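Protein sequence lines correspond, in order, to chains A and B.
Quick note: the first sequence uses UniProt numbering, first residue 1, plus one each step.
Quick note: the second sequence uses UniProt numbering, first residue 1, plus one each step.
Protein chains: 2
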Amino acid sequence: MNECTAETTDNSPGRIRQLNEARIMQAAEQVFADAGFRGATTAAIAERAGLPKANVHYYFRTKSELYRAVLDNILKLWLDALHDITADDDPREALTHYIEAKVELSRSQPEASRVFANELIRGAPRLKRYLSNELRDWIDARVPVIQAWIAQGKIAPIDPYFLFFNIWAMTQTYADFQSQCAAVLGRGDKLKPEDYDRASAEIVTTVMRALGLETAPTGARHGGDD
Amino acid sequence: MNECTAETTDNSPGRIRQLNEARIMQAAEQVFADAGFRGATTAAIAERAGLPKANVHYYFRTKSELYRAVLDNILKLWLDALHDITADDDPREALTHYIEAKVELSRSQPEASRVFANELIRGAPRLKRYLSNELRDWIDARVPVIQAWIAQGKIAPIDPYFLFFNIWAMTQTYADFQSQCAAVLGRGDKLKPEDYDRASAEIVTTVMRALGLETAPTGARHGGDD
DNA sequence: TGGTAACCTGACCAAACGGTCAAGAAGTTT
DNA sequence: AAACTTCTTGACCGTTTGGTCAGGTTACCA
């Protein structure tokens with residue numbers, strides 16, 4: 001398939017290592033998502049990667065080390081995928097963009113989101129530092145942007161922290177709790193790609209209205225066909 | 001402390017059983033919340049309950065059986081705590097009440113929420129039936145209520161299913177991902193009781209605005225004190 | 001007061017766990 | 001093709017796991 005992402009695809013010294021580490025981490029991500037850290041077994045990860053267990057331990061000495069690598073990979077992935085939000089941006093455009101990108105991550109990388117969710121549920125023992133430093137810095141830098149928008153009358157007054165909490169909650173629920181949404185919608189196990197489009201649109205509408213940026217959705221204001 | 005909840009507190013035949021089962025289930029809820037099903041150990045549950053491991057197995061033959069009991073208890077708790085939503089209700093009142101009750105559950109029973117979240121993340125292997133039957137029936141009965149409100153022009157048009165998904169997401173994030181919110185707000189490990197009040201108010205505002213039921217929060221419409 | 005049912009628990013077990021290791025296979029460099 | 005590094009893996013080890021059980025203690029009822 002598309003094994004060739006970039007940089008040093010063919011030979012080169014660390015070729016085999018690079019390939020196998022990626023294979024193991026991909027398998028580990030799925031197993032950690034399904035079972036959590038303590039519930040995941042190295043044997044299950046090895047089997048999913050199609051390798052003997054001892055080989056997994058050759059590349060990652062301990063389960064903790066592998067888990068850390070998976071977590072770091074997820075944080076890197078998210079950082080790369082999400083554009084920033086600055087005071088110069090148009091609120092409607094910037095937040096719509098942000099929400100759509102987050103839902104797209106829920107669709108394309110649900111396992112990553114579930115590993116992260118698993119960690120948060122347990123009190124984030126291995127992410128405390130990240131949450132209290134990088135993430136907090138990120139949001140502390142974004143809060144003045146929201147406040148500036150409010151002061152300029154561009155959006156309705158709202159608590160910036162809770163705005164982000166709620167956006168995160170809504171965008172990630174379709175990855176973390178996919179099973180619940182799918183069951184209620186009668187989809188079976190997984191949501192359809194279209195469901196994510198609908199989720200994205202509904203979250204954008206909800207947030208835009210909450211900020212007083214009504215988009216006048218389908219024409220008529222209230223009431224519709226029954 | 002307040003061990004005496006109700007019904008048959010003093011003697012009666014199944015007195016000891018009732019007491020110990022409750023004690024074990026309470027301990028189990030915490031351990032399952034912290035570690036997930038596979039990660040939780042019967043030894044840890046026993047220790048938390050202050051009983052020998054063998055005693056736990058006297059009341060609950062297997063870990064699965066205990067887990068099921070905890071899950072059933074949670075569903076019962078939620079059913080009891082949440083009032084219904086009917087077409088006769090005023091949308092603003094009914095949904096405000098619903099949101100506030102859900103956030104109150106996140107504050108008072110965070111472990112229950114986290115056990116449930118853990119189960120959903122793993123694909124809900126033991127809750128599929130509940131999700132596809134009871135929960136789906138509940139929401140399928142509520143969707144016409146929302147649609148009626150829309151048709152009557154009482155609220156702005158919105159997808160009823162995704163409205164509930166988003167409300168669930170926002171109200172539960174403060175229990176399930178408490179560690180994230182607390183870290184970002186600089187609260188340490190846990191949110192303060194006031195944080196939940198704020199969360200509740202912000203979610204209500206967000207949903208009300210999304211439904212065109214602006215509550216005119218603090219007086220001024222836009223812009224505020226700098 | 002005696003009998004019966006419910007409750008308690010230390011000691012134990014097979015299976016599964018994370019992790020190690022030595023010995024060999026494959027790849028690379030000179 | 002020799003010398004060396006990297007990779008591979010079956011077999012193994014100490015520990016932890018969910019669960020059992022026999023034999024005891026306590027509570028209840030006649």
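We treat Cβ as the ideally placed atom computed from N, Cα and C, and that holds for glycine.
None of these values were measured; they are calculated from a predicted model.
Alpha carbon of residue i to alpha carbon of residue j, nearest angstrom
i       : j       : result
R209(A) : Q18(A)  : 47 angstroms
G223(B) : L211(A) : Confidence at G223(B) is low in this model, with a pLDDT of 36, below 50, so the placement of that residue is unreliable and no value is reported for it.
A35(A)  : A117(A) : 12 angstroms
E104(B) : Y59(A)  : 46 angstroms
A148(A) : L163(A) : 14 angstroms
L71(A)  : Y130(A) : 11 angstroms
V115(A) : A156(B) : 36 angstroms
Q30(B)  : L75(A)  : 28 angstroms
H83(B)  : N73(B)  : 17 angstroms
H97(B)  : A28(A)  : 42 angstroms
Q180(B) : G14(B)  : 42 angstroms
D80(B)  : A87(A)  : 46 angstroms
R126(B) : D89(A)  : 46 angstroms
A6(B)   : E111(B) : The predicted model places A6(B) with a pLDDT of 35, which falls under 50 and marks its position as unreliable, so this point remains unresolved.
V32(A)  : A40(A)  : Position check: residue 32(A) holds Phe in this sequence, whereas Val was assumed. Between F32(A) and A40(A), the C-alpha separation is close to 6 angstroms.
A101(A) : L66(A)  : 27 angstroms
N55(A)  : I45(B)  : 34 angstroms
I16(A)  : A69(A)  : 18 angstroms
E214(A) : P160(B) : 18 angstroms
E202(A) : I150(B) : 15 angstroms
E119(A) : G153(B) : 43 angstroms
A141(A) : S106(A) : 24 angstroms
A62(B)  : R38(A)  : Per the sequence presented here, residue 62(B) reads as Thr, with Ala not at that position. One C-alpha to the other measures close to 19 angstroms.
P91(B)  : Q178(A) : 27 angstroms
A43(B)  : V143(B) : 45 angstroms
L95(B)  : F165(B) : 13 angstroms
S64(B)  : L77(B)  : 20 angstroms
S108(A) : H57(B)  : 42 angstroms
I158(B) : S113(A) : 27 angstroms
E93(B)  : L185(A) : 26 angstroms
E47(A)  : K128(B) : 26 angstroms
Assumed close pair residue i, residue j - CB separation to whole angstroms, cut-off 8 angstroms
i       : j       : result
I139(B) : D176(A) : Wrong, their Cβ atoms sit about 18 angstroms apart, outside the cutoff.
V204(B) : I167(B) : Not quite, the Cβ-Cβ distance comes to about 10 angstroms (not below 8 angstroms), so this is no contact.
L191(A) : A183(A) : The Cβ separation is near 10 angstroms, so there is no contact.
V145(A) : I85(A)  : 6 angstroms
A169(B) : A199(A) : Contact flag wrong, Cβ pair sits at about 10 angstroms.
G123(B) : D189(A) : 7 angstroms
Notebook entry, point to check: Between the segment 47-57 of chain A and the segment 12-27 of chain A, are three or more C-beta pairs nearer than 8 angstroms?
Noted result: yes
Note to self: Does the contact criterion of 3 or more C-beta pairs under 8 angstroms hold for the segment 167-176 of chain A versus the segment 169-184 of chain B?
What the structure shows: yes
Next item on the list: Please determine if the segment 123-138 of chain A and the segment 192-200 of chain B are in contact, where contact requires at least 3 C-beta pairs separated by less than 8 angstroms.
Entry: Fewer than three Cβ pairs drawn from the segment 123-138 of chain A and the segment 192-200 of chain B lie within less than 8 angstroms of each other, which leaves the two stretches out of contact.
Margin query: Residues of the segment 191-206 of chain B in Cβ contact with chain A at a cutoff of 8 angstroms, in chain order, please.
Written below: R198, A199, E202, I203, T205, T206
Checklist line | Interface positions of the segment 114-138 of chain A facing chain B (Cβ-Cβ less than 7 angstroms), listed along the chain | finding: R114, A117, N118, L120, I121, R122, G123, A124, K128, L131, S132, L135, R136
Note to self: If the cut-off is 9 angstroms on Cβ atoms, which residues from the segment 158-173 of chain A count as contacting chain B, listed in chain order?
What the structure shows: Within the segment 158-173 of chain A, those residues whose Cβ lies closer than 9 angstroms to any Cβ of chain B are, in chain order, I158, D159, Y161, F162, L163, F164, F165, N166, W168, A169, M170, T171, Q172, T173.
Checklist line | Short-range partners of chain A found in the segment 63-80 of chain B, where Cβ spacing is below 8 angstroms | finding: none
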